[in-house]
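Visitor: Chains A and B, in that order, are what the protein sequence lines are.
So the first sequence is numbered by this note's numbering: it starts at 1 and just counts up by one.
So the second sequence is numbered by this note's numbering: it starts at 1 and just counts up by one.
Backbone N, C-alpha and C fix where the C-beta goes; we use that ideal spot for every residue, glycine too.
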Amino acid sequence: DAMVIQNPRYQVTQFGKPVTLSCSQTLNHNVMYWYQQKSSQAPKLLFHYYDKDFNNEADTPDNFQSRRPNTSFCFLDIRSPGLGDAAMYLCATSRKGQGYQPQHFGDGTRLSIL
Amino acid sequence: GQQLNQSPQSMFIQEGEDVSMNCTSSSIFNTWLWYKQDPGEGPVLLIALYKAGELTSNGRLTAQFGITRKDSFLNISASIPSDVGIYFCAGRRDQFYFGTGTSLTVIP
C-alpha cells in the first residue's frame, strides 16, 4: 500500500545518455517535489510543482527538467547526465491548503552513471 | 540556501540508553518535522510539530518545537537496535529545509 511510488528503484545510464525517473502518488496531494541526495548528505531540493505551477530552485542545473502531466504523476528528466549526477533521487508529496502538510517520500531511485 | 544545523552528527550508544538530538537555525520556522531514513530507503516521517512550545510523542519518540521557533529537539527513550539509521530534521517556512542529519548506531 505504498503511497508514493518511484520507478525504477535502481537506474544505470551512460554518461551523456538521457534518463527519465518517474514518481506516482495515490495521496491526491497537490504538491510534488524532486530531491537529490548524495551519500551521507541531506536531501537537496531540485524543484517542485504546486498543482501545475513549476518552481525551480535557483541552483538546480539546467540539465534537470521535470514534467507533471497530471496530479498523480511527476517525471524527472536528466538530459545529459554527468558523473556528478550519480545520486539517490527522492520524490515527495504534500498537500498545501492552509499551509503545507508534511511531506511523504518515496523510496527513491538510485542513479548510477557509467 | 537555508542552513539547519543538526547535532550531534553521529551517535554510538548502548541498547536501552536514551538519545537526544537537536536542530537549530538562525531563522524562524512555522513547522518542524523529524524523519528517519534507513539505507537505500526514502525518509519516513516520525513526528510533525506545528506550534511553538508543542511537545509531541510517537511511541518511544518525543519531539518539541522550540519556543523561539528556531529549534527543535528529538528524544528516543530506551533505544533498540532497529532505531539505527539517519535522523533528519526539516523546517518549513516558504518551503521545506533539511538538517544535516544525525547518524545513530545502537550497540546491542
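(1) When you compare the region 65-72 of chain B with the region 27-34 of chain A, are there three or more beta-carbon pairs, one atom per stretch, that lie closer than 8 Å?
(2) Along the chain, which unbroken stretches of the alpha helix (DSSP H) at least 4 residues long are found entirely within the region 72-97 of chain B?
(3) For the region 21-55 of chain A, which residues have a beta carbon sitting closer than 9 Å to at least one beta carbon of chain B?
(4) Could you list which residues in chain B have their beta carbon closer than 8 Å to that of A/G106, in chain order?
(5) Is the region 37-47 of chain B touching the region 10-20 of chain B, taking contact as three or more C-beta pairs under 8 Å?
(6) At the level of alpha carbons, what is the spacing between A/I78 and A/S24?
(7) Measure from the C-beta of B/A52 to each C-beta in chain A and report whether the shortest distance is under 8 Å.
(8) Quick one: give me the first and last residue of the beta strand (DSSP E) that A/D77 is part of.
(9) Could you check whether B/L55 and B/C89 sit closer than 8 Å to each other, using their CB atoms as the reference points?
(10) Do A/V4 and A/T93 come within 8 Å of each other at the CB atom, strictly closer than that value?
(11) Going by beta-carbon coordinates alone, are B/F98 and A/P18 separated by less than 8 Å?
(12) If you draw a straight line from the C-alpha of B/Q6 to the C-alpha of A/P8, how long is it?
(13) Can you find a CB in chain B that lies within less than 8 Å of the CB of A/Y89?
Guide: According to the structure data:
(1) Because the criterion of three Cβ pairs below 8 Å is not met, the region 65-72 of chain B and the region 27-34 of chain A do not touch.
(2) Those alpha helix (DSSP H) runs which fall completely within the region 72-97 of chain B and span 4+ residues do not exist here.
(3) Listed in sequence order: Y33, Y35, Q37, S40, Q41, A42, P43, K44, L45, H48 and N55.
(4) Within the first sequence, residue 106 of chain A is the residue found at index 106, counting from 1. Near A/G106 (Cβ distances below 8 Å), the residues of chain B are G42.
(5) In short, these stretches do not touch, since the Cβ pair count stays below three.
(6) Within the first sequence, residue 78 of chain A is the residue found at index 78, counting from 1. Within the first sequence, residue 24 of chain A is the residue found at index 24, counting from 1. Answer to the nearest angstrom: the Cα atoms are 18 Å apart.
(7) For the purposes of this step, residue 52 of chain B is identified with residue 52 of the second sequence, where counting begins at 1. Cβ-Cβ to chain A under 8 Å: no for B/A52.
(8) By one-based count along the first sequence, residue 77 of chain A stands at place 77. It spans F73 to I78 - the beta strand (DSSP E) in which A/D77 sits, taken as one unbroken run.
(9) The count along the second sequence starts at 1 and reaches residue 89 of chain B at position 89. The count along the second sequence starts at 1 and reaches residue 55 of chain B at position 55. No, these two residues do not count as a Cβ contact at 8 Å.
(10) Numbered from 1 along the first sequence, position 93 holds the residue referred to as residue 93 of chain A. Numbered from 1 along the first sequence, position 4 holds the residue referred to as residue 4 of chain A. By the CB criterion at 8 Å, A/T93 and A/V4 fall inside the cutoff.
(11) Within the second sequence, residue 98 of chain B is the residue found at index 98, counting from 1. Within the first sequence, residue 18 of chain A is the residue found at index 18, counting from 1. Contact annotation: B/F98 and A/P18 have beta-carbon atoms that are not nearer than 8 Å.
(12) Along the second sequence, one-based indexing puts residue 6 of chain B at 6. Along the first sequence, one-based indexing puts residue 8 of chain A at 8. Going by the C-alpha atoms only, they are around 31 Å apart.
(13) One-based indexing of the first sequence puts residue 89 of chain A at position 89. The beta carbon of A/Y89 does not come within 8 Å of any beta carbon belonging to chain B, so the residue lies off that interface.
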